[in-house]
DNA sequence: CTTAAGGTAAGTCAAGCGCCTGACTTAAAG
DNA sequence: CTTTAAGTCAGGCGCTTGACTTACCTTAAG
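Put into structure tokens, the structure is as follows:
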């Protein structure tokens, strides 16, 4: 049996072409600088409404691209979580937060666009919420955040929230920065995604453990 | 004498209207989501080519908005630099890097848009370079970076570059995040821009002083 | 084999865009 | 006072965009 779907395979192939083309264009030029037509053409679709037909609005397309990667990233995070010992420290939780994205990019291999895509979507006022929803929908991610917070009981809640936001920004934007450097042929401070993740984790841990200047 | 310029005042008033309207729209919706026409209309100009007439391309308009604020920010940084003692430490240099933007926003008072504007421009692939040029053109900024690097002789050069990039992202995006929270009426972790700057400096210093995991 | 369904191609449409042109208004120069 | 130059306004032109319509073609079901 060839599956019951010769047709369905072609459809999902077309969807995949559109997702890939859109991810690349959005990453390189910004979401709002690319029209649905351009995405359709870049995907090799003569029909200029292919995006609308398969995905609906541009926001729906963005969500679909995010979900396509989220599965793999979740798997990586689940594996890292499973590898944590009995008395996890800040480093353990930080790794679970930081490493999934860089490791995912490394596994994709070759040139990638997803990190820059995420940076673009996260910064866009109209799409920011989509990214937040898709991210926070992950129970394993919340588990990491909770675990980390339990490791930092001395940190005032507001400062914890503040530094969590900082870490979130770095986790999104630093891989994007490295990805861009690779795309443009510029030198990078780390030779592979794994080392880049280590450098990022080092810095974020330092950020979380930094002494707090008392308010006046 | 009313100056020799009744006319010139009106012109610069129009330019100011356009700059203010554009800064606000770009900050709220993203640069690429706003047309020059919309900017002209928001500035109360019946002519739909007002932006083109006064500023040229959209990139030129963005540059003009940046420069309008850069003057004040430079003044603040110069004052902070002048207040540094004989043996400056990491905290001194970090303050000179971190505080100018939040203090500038505080002085503007009321609702502001410049931080979000900077975040949008910095993230836009087509405009990123403009922001870098305008920023690095400041000798006082370079002085801060050099001073800081002299305080961190033990940090490998690549790690120093890496963490400098992280600090840059936080300095741009964290004020933007606070500004957005204020605009949307959400609670903020700090009650004023000065305290926000302190929290940011604390974290960035921790980031710079964090131990470096040795490469394998 | 026939038929219905669904995906793709191709063309059309109104709306909005940047850009250009020309007319009007007004401050400053001769 | 006349002339000049500059800022503003009003509108048209060509192009792109998202949305819609139609025709064709392949597949899976009857």
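Chains as they are written, first to last, in my numbering: chain X, 3 to 218; chain U, 3 to 218. Cβ atoms here follow ideal geometry from the backbone N, Cα and C, with glycine treated the same way.
**Item:** Alpha-carbon spacing of residue 75 of chain U relative to residue 103 of chain U, whole angstroms
**Value:** Distance between the alpha carbons of residue 75 of chain U and residue 103 of chain U: 6 Å.
**Asked** Would you say residue 173 of chain U reaches chain X, if we count a Cβ-Cβ gap shorter than 8 Å as a contact?
**Response** Judged by the 8 Å Cβ criterion, residue 173 of chain U is not in contact with chain X.
**Item:** Integer Cβ distance of residue 155 of chain U from residue 117 of chain U, believed to fall under 8 Å
**Value:** In this structure residue 155 of chain U does not touch residue 117 of chain U by the C-beta definition: roughly 33 Å separates them, more than the 8 Å allowed.
**Asked** Is the distance from the Cβ of residue 29 of chain U to the Cβ of residue 165 of chain X below 8 Å?
**Response** Cβ atoms of residue 29 of chain U and residue 165 of chain X: not closer than 8 Å.
**Request:** Ignore the nearest five residues each way along the sequence and tell me which others in residue 16 of chain U's own chain have a CB closer than 8 Å to its CB.
**Result:** So the qualifying residues of the chain are 45, 47, 52, 56.
**Rounded distance between the beta-carbons of residue 202 of chain U and residue 172 of chain U, thought under 8 Å** = Going by Cβ atoms, the distance from residue 172 of chain U to residue 202 of chain U rounds to 6 Å, so yes, they are a contact pair.
**Request:** Starting from the beta carbon of residue 127 of chain X, find every residue of chain U whose beta carbon is closer than 9 Å, and list them in chain order.
**Result:** Scanning chain U for C-beta atoms nearer than 9 Å to the C-beta of residue 127 of chain X yields 29, 30, 31, 32, 35, 118, 122, 182, reported in chain order.
**Prompt:** Expressed to the nearest angstrom, what Euclidean distance is found between the alpha-carbon atoms of residue 65 of chain X and residue 132 of chain X?
**Reply:** Cα-Cα distance, rounded: 7 Å.
**Request:** With DSSP as the reference, label residue 137 of chain U as helix, strand or coil.
**Result:** Helix at residue 137 of chain U.
**Proximity test, Cβ basis, 8 Å: residue 134 of chain X and chain U** = No, its Cβ sits nowhere closer than 8 Å to a Cβ of chain U.
**Message:** Rounding to the nearest angstrom, what Cα-Cα distance links residue 91 of chain X and residue 211 of chain X in this structure?
**Reply:** Cα to Cα, residue 91 of chain X sits roughly 12 Å from residue 211 of chain X.
**Prompt:** Which stretch, first to last residue, makes up the alpha helix (DSSP H) that contains residue 38 of chain X?
**Reply:** From DSSP, the alpha helix (DSSP H) with residue 38 of chain X extends over 38-44.
**Request:** Keeping to the same chain, check which residues put their C-beta closer than 6 Å to that of residue 180 of chain U; ignore five residues upstream and five downstream.
**Result:** Taken in chain order, the residues that qualify are 190, 198.
**Request:** Identify the contact partners of residue 213 of chain U in chain X, using a Cβ-Cβ distance below 9 Å as the criterion.
**Result:** Going along chain X in sequence order, the residues near residue 213 of chain U (Cβ under 9 Å) are 204, 207, 208.
**Message:** For residue 138 of chain X, count the other beta carbons within 10 Å of its own beta carbon; 16 or more makes it buried, fewer makes it exposed. Which is it?
**Reply:** Exposed: under 16 other Cβ atoms inside 10 Å.
**Message:** Am I right that residue 33 of chain U and residue 123 of chain U are in contact with their C-beta atoms under 8 Å? What's the rounded C-beta distance?
**Reply:** So it is a contact: roughly 6 Å between Cβ atoms.
**Prompt:** Grouping DSSP H, G and I as helix and E and B as strand, with all else coil, what is residue 213 of chain X?
**Reply:** Three-state DSSP puts residue 213 of chain X in coil, outside helix and strand.
**Positions along the stretch 86-103 of chain U whose CB lies within less than 7 Å of some CB in chain X** = Here the close residues number zero.
**Message:** Counting only Cβ-Cβ distances shorter than 7 Å, please list the residues of the stretch 140-161 of chain X near chain U, keeping chain order.
**Reply:** Per Cβ criterion, the list reads 160, 161.
**Own chain residues within Cβ distance below 7 Å of residue 39 of chain U, not counting five before or after** = Excluding sequence neighbours, residue 39 of chain U sits near 50.
**Prompt:** Roughly how many angstroms separate the alpha carbons of residue 80 of chain U and residue 114 of chain U, rounded to a whole number?
**Reply:** Inter-residue distance for residue 80 of chain U and residue 114 of chain U is about 23 Å (C-alpha atoms, whole angstroms).
**Item:** Beta carbon of residue 61 of chain U nearer than 8 Å to that of residue 41 of chain U
**Value:** Cβ atoms of residue 61 of chain U and residue 41 of chain U: not closer than 8 Å.
**Item:** N- and C-terminal bounds of the alpha helix (DSSP H) containing residue 82 of chain U
**Value:** If you look at residue 82 of chain U, you'll find it in the alpha helix (DSSP H) that goes 60-84.
**Prompt:** If we ignore side chains and look at the alpha-carbon of each, how far apart do residue 77 of chain U and residue 108 of chain U end up?
**Reply:** CA-to-CA, the gap between residue 77 of chain U and residue 108 of chain U works out to about 14 Å.
**residue 43 of chain X versus residue 20 of chain X: straight-line alpha-carbon distance, rounded** = CA-CA distance, residue 43 of chain X to residue 20 of chain X, rounds to 9 Å.
**Item:** residue 102 of chain X in three-state terms, based on DSSP
**Value:** Of the three classes helix, strand and coil, the one that applies to residue 102 of chain X here is helix, per DSSP.
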